[in-house]
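Encoded as structure tokens, the structure appears first; notes follow it.
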Amino acid sequence: MHNSDKENQTIPPVSIDDEQNDGLSALWQAQPVTTINLSEVKASLNSERTKQRWYMVLDLLMIAPGVYVFLKYWDNMSNIAQILILFILISSLPFLAYQLWLRSEAAFYKNTQTADHLAKLTTQIKNKVRIAYMTKHSTWVGMIFGIGLALERHFFGDLASEKLARMVVVISLMSIVMLVWYVWASKRQKRFERQLETLEKMAQH
Amino acid sequence: MIRDVTLGQGFEDVFAQYGAILSRVANSYEANEAMQQELLQEIAIAVWQGLSRFKGDSSVKTYILKIAHNRAVTHVANQVKRLDTHQYDHNDLGSDGFASNTHSPEEMSSQHQSLERLLRAVRTLPLQSRQVLTLSLEGLSYDEIADVCGLTKNHVGVILKRAKQSIMQELPHA
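Protein chains in written order, with numbering that gives the first Met the number 0: chain H, 0 to 204; chain W, 0 to 173.
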């Protein structure tokens, strides 16, 4: 699938200033090119938009369990449990807002100069490394808070033995999920660090 | 054109006119044919999105080339896992060949080899040199190249001179 290149027939190339360069330019423009499939572009664009919206919904759902516990059990909680839940919710909100901002930024392509784009991209990847690092460590921090809540219920609440057994099962399952999440976040962190290295090499030239 | 693009129309015209340039941008970053197509698709999506915000303060060509090169830079960063991304493979040139139908078989073979060497040399250039050189080969002026890359006009001249010297070592008869 090739196109003949018809664009800019009338523009005199200021930058090519001798015959040798004209030859180079002619050779460059003689290379075969691929036709852009516009229906595929439209479909990909729609698919990408849908995917980004779903990611945003998932981001928002991440705080849903905390909000549910907050609304459902607030009145039955001890002061310590209320402080823990409030701390989890309040500390997760800036993280959520930042995550949503990053997604909206990634969704729009701007016509910035390449030097600026490279600098901005480098900053974004640095932020992604930080987010992956935070996500990785939020797993064991989250587990400590979860276990803390369970212990608080055990020592200060009137927890029946069957409820306690169920809580142990839930915490064990959560530990497995968090371990998988830790490994996933760690891999992401390493991948972003490699991307950062590539970008920094690009910027050096 | 600007009004049409702003209104969400005329995208097809833009791609018909500048599709070849966008394809060459992809070719300058990717050697593998499948990866070139993937990058071209990414560039086309980015350009499509970018055109809806085009305000006409530069030429359409300069505007979409900025977006295309930025997308290509992002693509390169995202491909760090693929070790063969920038390696040139003779089998990756595609089934259509390099030369146009108007040349003789000898000319086609010669042009094929020259183009092969040119592409290989371009892809080995550092990012900034590669960008400046390919934009120059597309007929952009120093001012336009400076605008796309975020460089001064003098800096463009220096980089272009060095890039050409490097390329001419690979293509002594071009």
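Idealized CB from N, CA, C, for every residue including glycine.
CB contact below 9 Å: residue i versus chain H
i                      : result
residue 157 of chain W : no
residue 108 of chain W : no
residue 165 of chain W : no
residue 10 of chain W  : yes
residue 73 of chain W  : yes
residue 83 of chain W  : Annotation note: pLDDT 41 at residue 83 of chain W (below 50); position unreliable, coordinate value reported separately. No, no contact with chain H.
residue 48 of chain W  : yes
residue 153 of chain W : no
residue 130 of chain W : yes
residue 55 of chain W  : no
residue 123 of chain W : no
Own chain, CB closer than 6 Å to residue i, minus 5 neighbours either side, in chain order
i                      : result
residue 166 of chain W : 120
residue 91 of chain H  : 62
residue 152 of chain H : 158
residue 81 of chain H  : none
residue 66 of chain W  : 45, 46 and 49
residue 79 of chain H  : 151
Beta-carbon contacts of residue i that lie in its chain and below 7 Å, excluding the five residues immediately before and after
i                      : result
residue 83 of chain W  : With a pLDDT of 41 at residue 83 of chain W, under the threshold of 50, the predicted position of this residue should be treated as unreliable, though the coordinate-derived value follows. Excluding positions up to five away in sequence, the list reads 31.
residue 120 of chain H : 198
residue 185 of chain H : 135
residue 154 of chain W : none
residue 180 of chain H : 138
residue 83 of chain H  : 144, 147 and 148
residue 41 of chain W  : 70 and 74
residue 87 of chain H  : 65 and 144
residue 39 of chain W  : 21, 22 and 25
residue 54 of chain H  : 102
Closest residue to residue i among the options (Cα-Cα distance)
i                      : options                       : result
residue 182 of chain H : H:137, H:158, H:199 and H:153 : H:137
residue 22 of chain W  : W:58, W:70 and W:125          : W:70
residue 38 of chain H  : W:57, W:44 and W:35           : W:44
residue 58 of chain H  : H:27, H:86 and H:93           : H:93
residue 27 of chain H  : W:158, W:114 and W:129        : W:114
residue 161 of chain W : W:131, W:39 and W:147         : W:131
residue 56 of chain H  : H:76, H:174 and H:98          : H:98
residue 175 of chain W : W:19, W:35, W:34 and W:57     : Given a span of 0 to 173 for chain W in the structure shown, any question on residue 175 of chain W remains unanswerable.
residue 200 of chain H : W:67, W:125 and W:133         : W:125
residue 128 of chain H : H:187, H:113 and H:75         : H:187
residue 150 of chain H : H:170, H:45, H:43 and H:116   : H:170
residue 64 of chain W  : W:123, W:149 and W:79         : W:149
residue 72 of chain H  : H:174, H:164 and H:156        : H:156
residue 169 of chain W : W:139, W:34, W:123 and W:11   : W:123
residue 15 of chain W  : H:67, H:34, H:30 and H:101    : H:34
residue 18 of chain W  : H:21, H:40, H:22 and H:20     : H:40
residue 76 of chain W  : H:49, H:118, H:172 and H:67   : H:118
Chain-order list of residues whose beta-carbon lies under 8 Å from that of residue i (same chain, five-residue window excluded)
i                      : result
residue 124 of chain H : 191, 194, 195 and 198
residue 118 of chain W : 26, 27, 30 and 87
residue 177 of chain H : 138, 139, 141 and 142
residue 75 of chain H  : none
residue 163 of chain W : 132
Proximity test, Cβ basis, 9 Å: residue i and chain W
i                      : result
residue 71 of chain H  : no
residue 55 of chain H  : no
residue 193 of chain H : yes
residue 111 of chain H : yes
residue 177 of chain H : no
residue 152 of chain H : no
residue 190 of chain H : yes
residue 23 of chain H  : yes
residue 28 of chain H  : yes
residue 184 of chain H : no
residue 187 of chain H : no
residue 20 of chain H  : yes
residue 198 of chain H : yes
residue 58 of chain H  : no
residue 74 of chain H  : no
residue 201 of chain H : yes
residue 157 of chain H : no
Contact list for the region 18-39 of chain W against chain H, Cβ threshold 8 Å: 18, 19, 20, 21, 22, 23, 25, 26, 35, 36 and 39
List, from N- to C-terminal side, the alpha helix (DSSP H) runs of 4 residues or more that fit wholly inside the region 92-164 of chain H. 113-155
Return the residues of the region 118-140 of chain H that lie within a Cβ-Cβ distance of less than 8 Å from chain W, sorted by chain order. 120 and 124
What runs of the alpha helix (DSSP H), each 4 residues or longer, lie entirely inside the region 25-61 of chain W? 32-50
Residues, ordered as in the chain, of the region 32-49 of chain H that lie near chain W by beta-carbon distance below 9 Å: 32, 33, 34, 35, 36, 37, 39, 40, 41, 43, 44 and 47
Any residues in the region 56-67 of chain W with a beta carbon nearer than 7 Å to a beta carbon of chain H? Which ones, in chain order? 60, 62, 65 and 66
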